[in-house]
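Student: Right, I'll just put the structure down here and ask away after.
Protein chains: 2
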Amino acid sequence: HLVLSKRAFISEYLTVYFTFLLISLGFPQVVGSTSTPQCNTEGLYFSDGRRKVDYVLVFHQRRHSSIRCPVGTSVSQDRLSIVSNGNFPQSVSSDAVAGRGGGMPGEEAANAGEVFMELGFAGGSEPTEPADHEMRLIRQEFEANLLEAGLEIERDKEVKAHGPSFTRLHAPWPVLCREAEFLKIKVPTKTSYELKEESGFGSSMSTIWRKLNQPFQPKVPHQDHERTKFLSHYTHTHTNTQTHKHKHTHTHTHTHTDSCYNLVNLQHDNIHPHWLSLFSVCCQVLHEEWARYSAFYKYQPIDLVRKYFGEKIGLYFAWLGVYTQLLIPASIVGIIVFGYGVATVDTDIPSLEMCDERLNFTMCPLCDGACDFWQLSTACGTARASHLFDNPATVFFAIFMSLWAVLFLEHWKRRQISLSFSWDLTGIEEDEVHTTAIDKLTWKDRLPGYFINVSSILFMFGLTFSAVFGVIVYRITVSALMAMSPDPETKSNVRVTVTATAVIINLVVILILDEIYGAVAVWLTELEIPKTETNFEERLILKAFLLKFMNAYAPIFYVAFFKGRFAGRPGNYVYVFNDYRMEECAPGGCLIELCIQLSIIMLGKQLIQNNIFEIGIPKLKKLVRALKDKGSAETEKEEERPPQQWNLDHALAAFEGLTPEYMEMIIQFGFVSLFVASFPLAPLFALLNNVIEIRLDAKKFVTELRRPVAIRAKDIGIWYNILSGMGKFSVIINAFVISFTSDFIPRLVYQYTYSQTGTMHGFIDYTLSYFNVSNFKPGTAPNTPFLTSILYSCVFCSRYKDYREPPWSPDAYQFSKQYWCVLAARLAFVILFQNLVMFLSLVVAWVIPDVPKTIMEQLKREKKLLVDVFLREEKEKFQLIQSLFAKDTTLQPGSHTLQPGQGVPQLGLRTVLLG
Amino acid sequence: HLVLSKRAFISEYLTVYFTFLLISLGFPQVVGSTSTPQCNTEGLYFSDGRRKVDYVLVFHQRRHSSIRCPVGTSVSQDRLSIVSNGNFPQSVSSDAVAGRGGGMPGEEAANAGEVFMELGFAGGSEPTEPADHEMRLIRQEFEANLLEAGLEIERDKEVKAHGPSFTRLHAPWPVLCREAEFLKIKVPTKTSYELKEESGFGSSMSTIWRKLNQPFQPKVPHQDHERTKFLSHYTHTHTNTQTHKHKHTHTHTHTHTDSCYNLVNLQHDNIHPHWLSLFSVCCQVLHEEWARYSAFYKYQPIDLVRKYFGEKIGLYFAWLGVYTQLLIPASIVGIIVFGYGVATVDTDIPSLEMCDERLNFTMCPLCDGACDFWQLSTACGTARASHLFDNPATVFFAIFMSLWAVLFLEHWKRRQISLSFSWDLTGIEEDEVHTTAIDKLTWKDRLPGYFINVSSILFMFGLTFSAVFGVIVYRITVSALMAMSPDPETKSNVRVTVTATAVIINLVVILILDEIYGAVAVWLTELEIPKTETNFEERLILKAFLLKFMNAYAPIFYVAFFKGRFAGRPGNYVYVFNDYRMEECAPGGCLIELCIQLSIIMLGKQLIQNNIFEIGIPKLKKLVRALKDKGSAETEKEEERPPQQWNLDHALAAFEGLTPEYMEMIIQFGFVSLFVASFPLAPLFALLNNVIEIRLDAKKFVTELRRPVAIRAKDIGIWYNILSGMGKFSVIINAFVISFTSDFIPRLVYQYTYSQTGTMHGFIDYTLSYFNVSNFKPGTAPNTPFLTSILYSCVFCSRYKDYREPPWSPDAYQFSKQYWCVLAARLAFVILFQNLVMFLSLVVAWVIPDVPKTIMEQLKREKKLLVDVFLREEKEKFQLIQSLFAKDTTLQPGSHTLQPGQGVPQLGLRTVLLG
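Structure (structure tokens):
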């Protein structure tokens with residue numbers, strides 16, 4: 001049993017990557033490893049009970065032709081599908097292949113594997129399916145290829161006329177070793193070394209830290225080998241080039257250990273006893289310590305995640321973990337900043353002045369005719385609310401968050417390098433197969449694709465902008481109509497009603513377009529016919545990101561930078577559709593509106609996406625699938641024996657790639673970084689969401705999806721670039737939000753240049769310009785008698801928020817000197833802020849080394865150790881050959897005698913023997 | 001002879017790096033390889049005429065103790081020096097070591113090699129020298145170490161009492177191979193492949209290009225193997241760990257080829273015949289095709305430079321070549337921009353208006369009392385000159401040059417990767433030895449060093465600023481004094497005289513401080529006690545750069561952004577030292593002054609540094625050395641036989657590292673990028689300088705310096721970061737120069753907002769404010785009677801350049817609305833320019849892939865080829881062992897029979913044999 005378990009460790013380790021072998025046979029990413037979501041390992045062996053099932057293939061047999069055939073020789077009408085799907089959205093891919101096939105007719109059937117892929121994906125589109133006979137031949141050839149590659153196959157005993165039929169694959173040990181070598185997978189060796197312990201003060205600090213951290217660590221059994229690291233190296237099997245033809249008679253005796261050889265002794269003779277139990281409980285631990293909400297406060301068992309799902313998914317969760325962890329300080333600072341706003345709201349002079357009824361500012365009417373003049377003190381509420389988000393602490397917070405973004409990226413870089421070191425990914429290179437058919441495409445073939453691409457993206461942009469504009473029109477018209485309503489109740493609630501409904505419409509539009517854009521991005525990327533899978537993924541991500549980013553942020557950008565800036569001034573308003581005045585910001589400033597917009601879209605998007613898209617829809621799909629299966633089962637009643645594990649797994653949903661998961665987080669990162677100056681609580685809400693998100697995703701991966709095919713990756717790829725780009729973009733956006741959307745700069749200018757007392761007293765008066773009520777254009781003056789009659793006796797009493805010359809000035813209603821002065825100050829602030837933050841970011845990135853010091857040291861030690869082991873090995877080898885040579889009598893001795901200490905004797909020997 | 005030549009190729013290739021062995025013996029970088037500047041290879045063998053001299057050590061014997069001793073056993077009073085020095089400035093290092101020694105007394109003599117270094121460098125400081133006996137022991141131990149490492153030593157036959165005595169080293173073939181392996185040096189193997197030829201249109205284009213390029217290619221013999229690349233791989237000698245003890249009885253028979261073995265067959269059996277002649281003429285070609293001014297228009301033979309001087313120097317010249325090459329388009333565009341200025345100077349309305357005497361602008365006096373009112377039309381000349389550099393084309397040029405900088409960096413990145421591929425540097429890692437003594441230093445030991453560092457750098461900054469301020473004071477006082485002079489001739493030439501002398505003073509100060517700062521930076525870096533040589537170099541470069549950058553640019557920054565901005569206004573001038581008015585810019589604007597300052601400093605610095613520091617001083621040093629040697633020779637008359645090559649080489653100057661060369665170029669890059677908006681001809685002057693500089697440096701390296709120790713490097717290190725940082729900095733600097741120093745923005749504002757006609761007519765009037773002559777402070781009004789009398793009759797006629805309210809306005813002399821409006825426009829332009837250029841730079845950097853496509857393909861092919869060769873090798877090895885095993889009868893057969901096709905038989909075998 002011990003031997004078996006030992007093997008289980010390496011085997012588990014290697015089968016995860018076995019999909020690469022299948023890819024090299026021309027079967028791209030459609031074969032999954034067995035999934036064991038219930039941690040049930042009993043049904044996972046071949047009928048001999050010894051050979052483990054590593055992969056399961058499914059052939060879907062069509063119902064309409066119900067001829068029974070002997071399985072294995074001629075299965076008619078079968079369609080190949082997959083149990084555990086690769087990261088390729090199945091539904092979308094069928095379109096993709098159809099498009100691709102249409103793009104280059106005649107390229108099909110170039111080789112068996114290639115066509116197989118096409119057919120395997122061809123979904124329900126009947127016309128593109130090849131004839132039954134062709135299908136059968138293809139399947140036979142594929143299975144022959146598998147056998148030739150050294151895999152072992154087991155088919156279902158009973159023969160079914162239709163429905164899924166399963167073929168189990170077992171990858172024997174030598175095959176695994178051979179592939180591991182070709183893929184340059186590093187595996188641990190016997191050689192280990194102690195990680196350096198800190199001494200003195202550092203040591204006691206780290207002990208205290210470890211103790212404090214204890215409750216947050218997941219309970220992973222036997223992790224006390226933390227302080228030793230096993231030296232890893234590539235396997236080194238020295239296969240002959242002809243090894244693809246032999247047959248394996250695999251028996252589980254001790255001999256299997258002979259067949260896989262690491263350059264420096266694979267760690268299998270003297271395996272650490274803890275590994276054994278570790279692997280048998282891997283899935284159990286993931287269930288208990290990771291994929292449950294009650295573990296929300298714990299670190300993730302990332303190493304186990306990686307062992308079970310592969311590096312790519314492991315990196316996603318590690319990244320999500322780092323992001324969530326770093327959101328904690330951001331949230332705390334955000335709360336403090338918000339708290340500062342709350343604490344100072346009662347002492348803030350501008351909002352006090354706004355609420356002061358004695359100051360008696362009579363404002364110009366908010367709409368033509370129907371609206372009356374109004375007192376500024378009635379807007380006291382929004383002024384106070386505004387102060388919560390628009391105070392000097394916000395400026396500090398914006399700088400803080402820009403640096404936080406840099407820090408996050410730097411921290412992640414370090415974490416990534418640590419992970420790739422401890423996961424032995426340091427030497428991997430991405431080497432991808434791409435079909436030669438694609439190579440042949442010239443720019444003429446590609447031109448239509450690119451053309452459609454550009455025009456579609458422009459169209460989508462147009463769509464997004466018109467959606468935003470539509471909502472603006474909705475707001476303008478509805479508020480105008482409501483203002484005209486005779487009901488005073490309606491009138492007083494205009495702003496609240498309109499804002500609330502408009503934001504909800506915005507949110508719904510965003511959610512709908514989000515789904516559409518996701519699908520469109522896939523379609524467009526397929527039109528481009530990228531050469532490799534990575535290339536495809538990158539282009540898809542870029543497109544999807546561009547579209548979804550525009551979609552999510554267009555309304556927010558509008559509120560932040562455009563709303564209220566084209567409204568004109570009293571007596572000279574800007575009208576749309578000849579009748580409706582452009583909307584203005586609330587009296588408290590645009591920042592409060594930005595804040596409302598941002599918080600509703602962010603929260604709404606997260607809640608709805610989490611609940612409906614990530615929980616609701618999968619549940620619904622499962623239900624539908626279950627009902628469908630039940631229906632078919634009832635009509636057939638063919639199931640006789642209890643369902644095998646693979647039957648159960650087949651019923652799970654397919655894994656659809658990490659792109660949607662990353663995308664959701666990146667858009668969220670945008671809310672946290674881009675407009676953080678207007679909503680300091682964004683990090684807090686993001687944190688709350690992510691704590692749930694991690695466990696939700698974990699649950700999904702462990703229990704609701706087929707176990708995905710593991711993919712090796714040493715970094716998060718293009719997502720890093722997107723994050724870094726957003727970080728840079730956020731600097732300029734925040735600079736503009738602070739200087740143009742908030743009242744920070746006008747206040748500073750007032751306090752240090754205009755204020756007589758050096759305090760903020762009189763600020764409100766300073767921001768309001770005078771209007772001569774006789775300057776109203778005909779028909780736009782308010783037609784209510786009440787305040788109007790009073791005002792006409794005092795022509796200059798009506799005020800509006802702007803910096804313009806008073807009516808008595810020679811250039812009445814032109815922008816005043818204050819306007820230009822404040823504008824210059826705003827622009828100067830943007831330059832100062834942007835360059836300061838960019839400089840600080842550079843310093844932060846420069847100060848934090850990319851490779852942690854400990855890793856650097858470990859790498860050096862590993863290198864040294866490797867050389868030692870290597871030299872020892874070589875010496876042993878040399879001695880072996882020497883002993884053989886000494887006993888050999890057929891070669892003529894004399895001309896060269898071997899001396900043990902001589903220069904490079906082994907190869908001297910070799911030359912003698914061969915030359 | 002053929003065999004020897006073959007060996008010469010690999011040997012040449014490897015000895016270059018042999019210094020690493022010596023480093024690992026604890027003798028850091030003080031041993032050089034033999035230099036053959038006269039291409040004279042005859043004297044370069046041991047007395048047996050066969051073993052090549054690879055390195056020469058020199059022991060300086062002190063004169064005052066003239067005891068004769070038998071050389072080799074006890075040379076008394078000798079000091080070790082070097083023939084071909086490493087990149088360590090000798091004069092400076094002696095200070096350095098003294099400082100270091102003082103910093104940690106008791107650390108000396110930790111091991112022989114270490115102390116040796118210290119002593120070797122200890123220069124003339126007698127007190128720190130150890131006793132004679134100690135010296136002798138140290139030398140003996142060092143030589144024993146060399147012998148133990150497998151080197152062969154030859155000493156001078158005749159014994160001299162003092163002066164340099166030479167010890168020649170020969171590195172035998174096996175030692176070279178062993179070291180090459182440890183250093184992971186890749187060498188070409190037999191296996192070669194054809195580089196892909198482009199086909200069709202691309203092919204004919206590249207043929208035409210090659211033909212056009214032909215005259216610019218250096219004539220390197222036998223370069224027709226351009227289209228084949230030999231696969232390179234690490235050597236692989238499998239040395240025993242005990243090999244350090246054996247003795248080599250090296251004979252030049254064929255057996256030496258057996259002793260070095262590359263993993264995939266070192267290219268020595270079937271060597272390409274061209275290599276042979278190539279290496280014998282390497283030095284000759286460098287002389288004829290590289291190190292002469294008449295070859296200025298040709299590409300550099302970079303591969304030969306690298307083969308002769310090593311990668312680090314090769315990369316420097318490659319970088320310089322790329323930079324110079326890319327300066328060509330920049331110069332052309334610069335000339336066009338300047339040409340545009342010249343062509344439009346007669347149609348430019350503002351300068352026409354300034355020259356128009358009819359407009360009759362009477363300007364306020366330029367100094368108090370002595371100066372009179374003056375007519376603006378007298379400044380016509382500067383206005384026209386100004387237009388040459390300050391026109392709309394300059395804005396385009398600034399954007400162009402910012403993108404050019406990005407393009408240059410991206411292009412260099414690609415070139416670097418191509419070079420590191422064709423030079424087989426892809427796998428090298430920098431692994432440096434640092435003494436453990438340094439490791440032990442705590443922060444307490446380092447604190448004083450850091451403290452001195454920070455305070456010194458601050459002091460230097462202060463020094464630079466006070467130098468700049470001194471020149472300002474000089475300008476103010478001298479121009480005030482000259483203005484008071486009764487001589488009208490003097491008066492009229494005030495500005496020209498003062499500007500010219502001040503710039504020359506600036507230049508002299510810069511040149512002097514430059515030299516001082518260079519020395520100070522070395523001293524400061526040594527105080528920090530960096531752990532490794534690379535670390536030392538990086539810190540030194542950063543410090544030196546910071547100091548020299550400040551030094552070179554401080555006066556330029558002053559003129560660009562500060563001059564004239566603190567002068568006050570008529571009636572309220574700012575005074576320094578109570579008496580002198582702050583200086584103002586010339587009437588044509590500050591840009592013309594910036595331009596003068598920039599061009600004089602740039603040209604002066606280049607001319608003086610090239611002529612005096614790079615040609616004059618070395619010549620002078622040589623002369624002094626020759627005179628000294630002659631003097632000593634005359635008094636002694638001991639020289640009997642003709643001087644050997646090493647005697648001649650010893651007379652050459654030591655190589656002092658690449659830092660000064662790079663530094664000069666980087667500061668020049670600053671002139672080309674930072675303020676290019678003000679001086680579009682800068683790239684042209686830089687180009688002219690560099691064309692000469694390349695050949696000057698080449699001549700210096702080939703004929704005037706000892707051949708430097710080759711150092712491997714795969715990139716230009718920290719210089720790239722500095723370049724990239726300067727590129728980024730240049731964007732914001734150019735934005736400010738255009739918007740604040742030039743008149744571009746005020747013109748735009750005038751044309752599009754104030755101008756009635758939409759043309760520039762009236763612009764000069766718009767930029768001038770009015771001054772009421774009765775507002776002069778007492779004693780500051782001009783005391784000349786001529787114009788004054790006329791003016792006092794028209795109180796508002798006096799004008800000055802500023803945007804201020806006229807005297808008749810309620811806030812007289814306050815900044816006007818125009819001022820704020822122009823300021824806002826300037827700031828907006830900065831934001832727009834900066835973000836636009838940054839965005840375009842990102843796009844450029846993103847569009848250009850870092851790794852060229854062809855290299856990517858070649859890498860893939862090499863990898864594939866390597867796997868093939870490797871598998872073939874393994875198969876052969878397996879067959880050898882199998883045949884041996886079959887013949888061996890002592891092992892018991894039966895339990896495991898070998899089957900040729902089985903999984904991994906070789907290691908199965910191994911396990912059986914050993915286990």
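Taken in sequence, the protein lines are chains X and P. Position 781, counted from 1, in the first sequence is what the UniProt record's numbering calls 781; the numbers after and before it change by one each time, with no gaps. Position 479, counted from 1, in the second sequence is what the UniProt record's numbering calls 479; the numbers after and before it change by one each time, with no gaps. Each residue gets a CB set at the ideal place from its N, CA and C atoms; glycine is no exception.
So which residues on chain P does X:Ala824 lean against when the C-beta distance must stay under 7 Å?
Tutor: Trp820, Leu823, Ala824, Leu827
Student: What are the partner residues of residue 916 of chain X, as DSSP defines its beta bridges?
Tutor: Given a span of 1 to 915 for chain X in the structure shown, any question on residue 916 of chain X remains unanswerable.
Student: According to DSSP, is P:Phe166 part of a helix, a strand, or is it coil?
Tutor: The three-state reading of DSSP puts P:Phe166 in strand, counting E and B together.
Student: Just verifying my parser: in three-state terms, what is the DSSP assignment at P:Glu143?
Tutor: P:Glu143 falls in the helix class under three-state DSSP.
Student: Could you check what DSSP says for P:Val851 in three-state terms: helix, strand or coil?
Tutor: coil
Student: At a CB-CB cut-off below 9 Å, which residues of chain X make contact with P:Lys777?
Tutor: In chain order: nothing, as chain X lies at least about 26 Å away.
Student: Label X:Thr36 either buried or exposed according to how many other C-beta atoms from any shown protein chain fall within 10 Å of its C-beta, with 16 as the threshold for buried.
Tutor: Legend: pLDDT at X:Thr36 = 42, less than 50; position of this residue unreliable, no value from coordinates given.
Student: Can you find the residues in the same chain that come closer than 6 Å, C-beta to C-beta, to X:Tyr573, ignoring five residues on each side of it along the sequence?
Tutor: Once the five neighbours on either side are set aside, the close Cβ partners of X:Tyr573 are Arg581.
Student: I'd like the list of long-range same chain contacts for P:Leu513, defined as Cβ closer than 6 Å, with 5 residues on each side in sequence excluded.
Tutor: Asn551
Student: Quick check on this structure: which residue in X:Val305, X:Leu151, X:Gln818 has the alpha carbon closest to the alpha carbon of X:Phe317?
Tutor: Nearest of X:Val305, X:Leu151, X:Gln818 to X:Phe317, Cα basis: X:Val305.
Student: Tell me the rounded alpha-carbon separation between X:Tyr575 and X:Phe296.
Tutor: 53 Å
Student: Can you pull out the residues from the stretch 827-841 of chain P whose beta carbon lies closer than 7 Å to at least one beta carbon of chain X?
Tutor: Leu827, Ala828, Val830, Ile831, Asn835
Student: I want to see whether chain X comes within less than 7 Å of P:Leu884, judged by CB atoms only; does it?
Tutor: So, interface residue.
Student: For the stretch 512-543 of chain X, enumerate the residues whose C-beta is nearer than 9 Å to any C-beta of chain P, in chain order.
Tutor: In summary, no residue of the stretch 512-543 of chain X has a CB separated from any CB of chain P by less than 9 Å.
Student: To the nearest angstrom, report how far apart P:Phe685 and X:Ala677 are at their CA atoms.
Tutor: 47 Å
Student: Quick one: residues in its chain with C-beta nearer than 6 Å to the C-beta of X:Pro680, no 5 flanking neighbours on either side, listed in chain order?
Tutor: When the five nearest sequence neighbours on each side are left out, the beta carbons in the same chain lying within less than 6 Å of the beta carbon of X:Pro680 are those of Gly334, Val337, Phe338, Phe397, in order along the chain.
Student: Kindly indicate which three-state DSSP category X:Glu288 falls into: helix, strand or coil?
Tutor: helix
Student: If we ignore side chains and look at the alpha-carbon of each, how far apart do X:Asp868 and X:Lys875 end up?
Tutor: 11 Å
Student: Assuming X:Thr382 and X:Phe373 are in contact, meaning their beta carbons sit under 8 Å apart, how far apart are those beta carbons, in whole angstroms?
Tutor: With 8 Å as the limit, X:Thr382 and X:Phe373 do not qualify as a contact, their Cβ atoms being about 18 Å apart.
Student: List the residues of chain P that X:Ile667 touches, going by C-beta distances under 9 Å, in chain order.
Tutor: Going along chain P, no residue has its Cβ under 9 Å from X:Ile667, so there is no contact; the nearest lies around 21 Å.
Student: Which residues in chain X sit within 7 Å of P:Lys817, going by Cβ to Cβ distance?
Tutor: Lys817, Trp820
Student: Report yes if the CB atom of P:Pro618 is closer than 7 Å to the CB atom of P:Phe655, and no otherwise.
Tutor: no
Student: Whole angstroms are fine: how far does the CA of P:Ala825 sit from the CA of P:Val749?
Tutor: 7 Å
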